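With the first letter of the sequence shown counted as 1, position 234 gets the number 221 in the numbering used here; the numbers rise by one all the way through.
C-beta: ideal position from N, C-alpha, C; glycine also.
Owing to the predicted nature of the structure, the values given are computational and were not obtained by experimental measurement.
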Amino acid sequence: MRFASLGSGSAGNATVVEAGETRLLLDCGFSVKETVLRLSRLGLQAEQLSGIVITHEHDDHARGAFKLAARYQVPVWTTYGTYTMCQRYLPAQPLTVHIIDAHTTFAVQDIEVMPYPVPHDAREPAQFVFGDGARRFGVLTDVGSVTPHIVAMLHGCDGLLLECNHDLEMLRTGPYAHSLKKRVGGWLGHLDNQSSAKLLAQLDNSKLKHLVAAHLSEKNNTPALAQQALSEVLQCAADWVQIASQQQGLDWRAL
Ligand SMILES: [Zn+2]
Ligand SMILES: [Zn+2]
C-alpha cells in the first residue's frame, strides 16, 4: 500500500491511497483541471481512480469532488450529512454516490475503509483509516478536539497523516480577525501542533513508518514548528516528520 498528497492546506486538500490496482482519492478540494494536473505529477490519470471518499463539505475538501466523479465516472463515498451539504457542487451529469455510516467499515475493491466521526464545524464530518489487510494508513485533519474514539481508531498505524493546523501563539498574535481565531482554535475547529503531538503521544506508534504533518496554516504555522512538536513525541529527527504542503503536497510513500 502507498499514499501521496496532491496538496494540503486551507486552499485545497486531496490524498491518494493505493493498494494493488485500487486507488482512492480522499477529498478533492481543487478544481477538476488542477486535480488532473496534480494527479499527473504522481503519474496518475483520473480514469485510474476507483473511488472518491469525501470527509466533509468544506470547499477545501469538496470543491472539485463531484465534478471529477461525474466527468470520469468515479463513484463517491460520503456520509448523508456531507452529501446533503454538497448540493451546490453537484453537476448535472449522472453520479454514483454511496452513503456511508461514519461508524461502519466498508471496502472498495482491495482497500478497506474505516470511517470515524470527528468534532468539526460541518454537518456530519468523518475521517478515515485505510487498510489492505496487512497495513493501516490513518488520516486525521479538520478536527477541533481529540476524542477517545479518535485515539482508538489511529492506534497501530503504519502511516499517519495528522493535522498540524496552527501554532497556538502564532494564531493568538497573528492576523486573523477575533471571530476567525475563535473558530479555528475552538473545539469544532482545527488541531494545533501541541494538540496533535498530544494525540500522537497517546498512540501505539511501534509500526509507524511515515508520519506526515498536514493542513498547515500559511499564516499561523511553519513547517519547522509542526515538525518540532511531533518529533519531540517520537524522539526522532525533526525532518523525519514529513510535510504535506499546499503547493507540492507529498510524493508517494510506501507502507
Ligand atoms: Zn480543511
Ligand atoms: Zn473543514
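Terminal residues of the beta strand (DSSP E) in which residue i lies
i        : result
Ser(-5)  : Per DSSP, Ser(-5) belongs to no beta strand (DSSP E) and is neither H nor E.
Met(-12) : No beta strand (DSSP E) contains Met(-12), which DSSP labels as neither H nor E.
Thr2     : Ala1 to Ala6
Val116   : Ala113 to Gly118
Phe93    : Phe93 to Val95
Ile98    : Ile98 to Pro104
Same chain, Cβ closer than 6 Å to residue i, five either side skipped, listed in chain order
i      : result
Ala231 : Ser(-8), Ser(-5), Val199, Ala201 and Leu237
Ala57  : Pro78, Gln80 and Leu82
Met101 : Thr92 and Val116
Gln233 : Gly(-6), Gly(-4) and Ala(-2)
Alpha-carbon spacing of residue i relative to residue j, whole angstroms
i        : j      : result
Ser218   : Ala224 : 6 Å
Glu5     : Gly30  : 12 Å
Lys194   : Arg123 : 9 Å
Arg(-11) : Leu11  : 11 Å
Leu36    : Gln60  : 9 Å
His153   : Cys15  : 22 Å
Gly52    : Glu111 : Correcting the residue identity first, residue 52 is Ala in this sequence and not Gly. Their Cα atoms are separated by approximately 17 Å.
Phe17    : Arg75  : 15 Å
Ser182   : Ala188 : 10 Å
Ala213   : Lys185 : 12 Å
Gln235   : Gly161 : 25 Å
Leu221   : Val40  : 30 Å
Thr151   : Lys168 : The residue asked about is misnamed: residue 151 is Cys in this sequence, not Thr. Computed Cα separation, rounded: 15 Å.
Arg170   : Asp108 : 9 Å
Leu242   : Glu34  : 24 Å
Asn0     : Ser166 : 24 Å
Contacts around residue i, its chain only, beta-carbon distance under 7 Å, and the 5 residues preceding and following it disregarded
i      : result
Asn70  : The question names Asn, but residue 70 in the sequence shown is Tyr. Val84 and Ile86.
Trp174 : Pro106, Gly131 and Ser132
His248 : Nothing can be reported for residue 248: it is not among the residues displayed for the chain, which extend from -12 to 242.
Trp239 : Arg(-11), Ala(-9) and Leu29
Closest Cα partner of residue i within the set the options
i      : options                           : result
His197 : Pro104, Cys144 and Arg75          : Cys144
Tyr67  : Ala113, Thr209 and Ala184         : Ala113
Val95  : Ser18, Ala(-2) and Gly7           : Gly7
Leu178 : Val19, Arg240, Val40 and Leu127   : Leu127
Glu99  : Trp64, Ala216 and Glu44           : Trp64
Gly146 : Ala139, Thr134 and Gly125         : Gly125
Glu44  : Gln222, Gln181 and Cys73          : Cys73
Asn180 : His165, Ala109, Leu148 and Leu167 : Leu148
Val23  : Thr42, Gln229, Arg170 and Lys54   : Lys54
Thr42  : Arg170, Thr2, Lys20 and Gln32     : Thr2
Lys20  : Arg240, Gln222 and Arg50          : Arg50
Asp47  : Gln215, Leu13, Glu34 and Val228   : Leu13
Asp129 : Ser27, Gly172 and Tyr163          : Gly172
Close Cβ partners of residue i (< 8 Å) along its chain, the five nearest in sequence each way excluded
i      : result
Asp97  : Ala6, Gly7, Glu8, Thr9 and Asp119
Tyr103 : Ala89, His90, Ala113, Gln114, Phe115, Val116, His136, Ile137 and Met140
The alpha helix (DSSP H) enclosing residue i, as first and last residue numbers
i     : result
Gly38 : Segment Gly38 to Val40 is the beta strand (DSSP E) holding Gly38; no alpha helix (DSSP H) there.
* **Segment contact, 8 Å Cβ cut-off, at least three pairs: the region 155 to 163 with the region 205 to 215** => yes
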